[in-house]
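Asker: My questions will all concern the structure given below.
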Amino acid sequence: MGEMSPAQAESMYFNNYPPPKALQKHESLARAFIDYHVEANRRLVLVTSGGTTVPLENQTVRFIDNFSAGTRGATSAEYFLQAGYAVIFLHRQFSLLPYSRHYSHSTNCFLDFMDEATCSSSAGGEGPNHGPIVVRDEYQDEMRDVLRQYRYAKKNNLLLLLPFTTVSEYLFELRSLAQLMRPLGPNALFYLAAAVSDFFIPRDRMVEHKIQSSEIPDSVRQQQQQQGQEDAIDPADVYTGENEAQPPTNSKKLIIDLDPVPKFLHRLVDGWAPDGSMIVSFKLETDPGILVYKARTALQRYSHHLVIGNLLSTRKWEVVFVTPDPPHERWIRVPKSKRSKSISGVEDQVGLAEHSRQLAAGGGGDQ
Ligand code: PAZ
Numbered sequence: 001m002g003e004m005s006p007a008q009a010e011s012m013y014f015n016n017y018p019p020p021k022a023l024q025k026h027e028s029l030a031r032a033f034i035d036y037h038v039e040a041n042r043r044l045v046l047v048t049s050g051g052t053t054v055p056l057e058n059q060t061v062r063f064i065d066n067f068s069a070g071t072r073g074a075t076s077a078e079y080f081l082q083a084g085y086a087v088i089f090l091h092r093q094f095s096l097l098p099y100s101r102h103y104s105h106s107t108n109c110f111l112d113f114m115d116e117a118t119c120s121s122s123a124g125g126e127g128p129n130h131g132p133i134v135v136r137d138e139y140q141d142e143m144r145d146v147l148r149q150y151r152y153a154k155k156n157n158l159l160l161l162l163p164f165t166t167v168s169e170y171l172f173e174l175r176s177l178a179q180l181m182r183p184l185g186p187n188a189l190f191y192l193a194a195a196v197s198d199f200f201i202p203r204d205r206m207v208e209h210k211i212q213s214s215e216i217p218d219s220v221r222q223q224q225q226q227q228g229q230e231d232a233i234d235p236a237d238v239y240t241g242e243n244e245a246q247p248p249t250n251s252k253k254l255i256i257d258l259d260p261v262p263k264f265l266h267r268l269v270d271g272w273a274p275d276g277s278m279i280v281s282f283k284l285e286t287d288p289g290i291l292v293y294k295a296r297t298a299l300q301r302y303s304h305h306l307v308i309g310n311l312l313s314t315r316k317w318e319v320v321f322v323t324p325d326p327p328h329e330r331w332i333r334v335p336k337s338k339r340s341k342s343i344s345g346v347e348d349q350v351g352l353a354e355h356s357r358q359l360a361a362g363g364g365g366d367q
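Okay, here's the thing in structure tokens:
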């Protein structure tokens with residue numbers, strides 16, 4: 001049998017997994033949001049953000065994850081909102097969110113931003129020690145600014161937050177959202193900053209129950225079988241690499257056998273996304289020697305508009321834009337003097353959203 005086409009790989013993957021429980025609800029929220037902005041002829045960007053998990057068990061106790069906190073996605077979403085876009089923020093549940101990121105996940109507890117105002121009046125009969133809770137003086141200006149932007153986005157229905165957790169949830173959501181975005185045509189932008197796992201366990205090899213680290217006695221299994229619970233702990237489901245003839249100890253090695261996640265960027269570009277939309281993907285590497293090569297290869301393979309390359313260790317202040325047109329490769333760096341820490345402890349980073357937008361409009365950015 002020959003190699004599968006991207007469309008065949010798509011149906012094979014999506015037919016093998018049940019859609020995420022929240023998909024229908026997310027689709028109806030997204031449909032209403034998109035219709036609203038199509039009506040207003042507003043540009044709309046789908047920002048994906050955060051890491052995806054790879055469950056090891058169907059009833060998931062353990063999973064593989066990655067480092068992404070969602071800083072890039074949440075920060076970029078704010079820049080897009082500032083530039084007049086409506087934003088669908090498809091993010092890993094509990095990762096950083098636009099605006100609240102300034103005060104969450106930080107080394108400070110959010111309570112450190114607050115104080116109890118001293119109140120000398122005894123109005124309400126509560127005495128001097130019961131003043132209202134206020135933001136500490138040193139945080140007033142920044143918090144006011146963030147609060148105003150947040151309120152503006154909310155009031156004008158400019159930001160839709162949709163969470164995912166696993167890699168399969170992410171892929172289902174991405175496909176649905178891209179298809180729903182079709183009426184936007186060239187007003188649609190895809191900004192794929194999520195760190196999507198390259199490997200997963202196909203459903204037909206996934207065990208149902210928690211993987212065991214030691215032998216379950218035959219007597220327990222037999223008892224279960226008698227009770228009609230054959231599928232509760234099935235040793236055949238657990239691929240452990242144990243020496244079956246002579247297990248050396250009671251505890252088992254766990255060997256995980258992962259398949260590559262099908263590359264759906266092809267399908268996004270050629271099938272799901274609206275005609276005329278712009279597609280920006282990210283490429284993360286740790287080895288500086290291969291970053292540009294990998295970014296260029298992705299651009300050639302998927303024929304989209306822009307790959308933004310970044311290295312794990314320097315991603316907060318330098319990235320490389322790899323484009324089909326000259327100059328083909330452009331580094332953007334935050335000057336050292338601007339690599340300050342914000343009050344949230346999250347370092348400022350390149351305004352990539354703004355740079356992508358300029359690029360879409362045919363303009364340039366800082367070198
Ligand atoms: O979420 P974060 O700010 O910690 O990291 C951002 C990033 C490195 C995940 C993103 O810039 C990126 O490169 N995403 C794509 C990763 C990849 O699949 O290669």
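Position 118 of the sequence shown, counting from 1, maps to 118 under full-length UniProt numbering, and the rest follow consecutively. Backbone N, C-alpha and C fix where the C-beta goes; we use that ideal spot for every residue, glycine too. This one's a predicted model, so the numbers in the text were calculated from it and none came from an experiment.
(1) Given residue 394, which residues of its chain have a CB within under 7 Å of its CB, disregarding the five upstream and five downstream residues?
(2) Quick check: Q59 and T165, are their CB atoms within less than 8 Å of each other?
(3) Grab me the residues of S344's own chain with a C-beta within less than 7 Å of its C-beta, minus the 5 sequence neighbours each way, in chain order.
(4) Is the stretch 33 to 45 close to the stretch 180 to 198, with three or more CB pairs under 8 Å?
(5) DSSP three-state label for E215, please.
(6) What separation, rounded to the nearest whole angstrom, lies between the Cα atoms of L265 and R203?
(7) CB of K283 to nearest heavy atom of ligand 3: below 7 Å?
(8) Cβ atoms of E10 and L90: under 8 Å apart, would you say?
(9) Measuring straight from C-alpha to C-alpha, what distance separates Q300 and S214?
(10) Report back the beta-carbon spacing between L254 and I308 to the nearest angstrom; my notes put them in contact at under 8 Å.
(11) Kindly examine ligand 1 and report whether one of its heavy atoms sits closer than 7 Å to the Cβ of N156.
(12) Tell me the residue span of the beta strand (DSSP E) that contains N310.
(13) Among residues of its own chain, excluding the 5 on either side of Y170, which ones have a beta-carbon nearer than 7 Å to its beta-carbon?
(14) Would you kindly report the start and end of the unbroken beta strand (DSSP E) that includes Q116?
(15) Considering S176, what are the terminal residues of the beta strand (DSSP E) in which it resides?
(16) Could you spell out where the alpha helix (DSSP H) holding residue 369 opens and where it closes?
(17) What residues are listed by DSSP as bridge partners for D137?
(18) Assign residue 414 to one of three DSSP states: helix, strand, or coil.
(19) For a test of your reading of the model: does the CB of V196 fall under 7 Å from any non-hydrogen atom of ligand 1? Yes or no.
(20) Can you check which of these residues, V269, G70, M206, is closest to S277 by C-alpha distance?
Answerer: This is what the structure holds:
(1) Since the first and last residues shown for the chain are 1 and 367, residue 394 lies out of range.
(2) Counting from 1 along the sequence shown, the entry for residue 59 is found at position 59. Counting from 1 along the sequence shown, the entry for residue 165 is found at position 165. No, Cβ-Cβ distance for Q59 and T165 is not below 8 Å.
(3) Here residue 344 is taken as the residue at index 344 of the sequence shown, counted from 1. Only weak support exists for where S344 lies, its pLDDT of 33 falling under 50; the coordinates are left without a value.
(4) yes
(5) Residue numbering aside, residue 215 sits at position 215 when the sequence shown is read from its first letter. Correct three-state label for E215: coil.
(6) Taking the sequence shown and counting its residues from 1, the one referred to as residue 265 is at position 265. Taking the sequence shown and counting its residues from 1, the one referred to as residue 203 is at position 203. Their backbone Cα atoms lie some 21 Å apart in a straight line.
(7) The ligand content of the structure shown is limited to ligand 1, which means ligand 3 is not among them.
(8) Sequence index remark: in the sequence shown, residue 90 carries index 90 (1-based). Sequence index remark: in the sequence shown, residue 10 carries index 10 (1-based). No, the pair does not count as a contact, with Cβ atoms beyond the cut-off.
(9) Within the sequence shown, the letter at position 300 stands for residue 300. Within the sequence shown, the letter at position 214 stands for residue 214. So the two alpha carbons sit approximately 48 Å from each other.
(10) Along the sequence shown, read from residue 1 onward, the residue named residue 254 stands at position 254. Along the sequence shown, read from residue 1 onward, the residue named residue 308 stands at position 308. Between I308 and L254 the Cβ distance is about 36 Å, and since that is not below 8 Å, they are no contact.
(11) As a working mapping, residue 156 is identified with position 156 in the sequence shown. No, Cβ of N156 sits at least 7 Å from all heavy atoms of ligand 1.
(12) Mapped onto the sequence shown, residue 310 falls at position 310. Counting along the chain, the beta strand (DSSP E) containing N310 begins and ends at 306 to 311.
(13) On the sequence shown, position 170 is the one that residue 170 refers to. Closer than 7 Å at the Cβ level, and outside the excluded window around Y170, lie T52, F164, A194, V196.
(14) Position 116 of the sequence shown, counted from the first residue, corresponds to residue 116. Looking at the sequence provided, one finds Glu at residue 116 rather than Gln. That run of the beta strand (DSSP E) goes 114 to 116.
(15) Here residue 176 is taken as the residue at index 176 of the sequence shown, counted from 1. Note, S176: premise wrong, no beta strand (DSSP E); alpha helix (DSSP H) at 167 to 180.
(16) In the structure displayed, the chain extends from 1 to 367; residue 369 sits before or after that span and is not available.
(17) Position 137 of the sequence shown, counting from 1, holds the residue named residue 137. DSSP, once it has assigned bridges, lists no residue as partnering D137.
(18) Nothing about residue 414 can be reported from this structure: the residues present for the chain run from 1 to 367 only.
(19) Numbered from 1 along the sequence shown, position 196 holds the residue referred to as residue 196. Indeed, a heavy atom of ligand 1 lies less than 7 Å from the Cβ.
(20) Within the sequence shown, the letter at position 277 stands for residue 277. Of V269, G70, M206, the residue nearest in Cα terms is V269.
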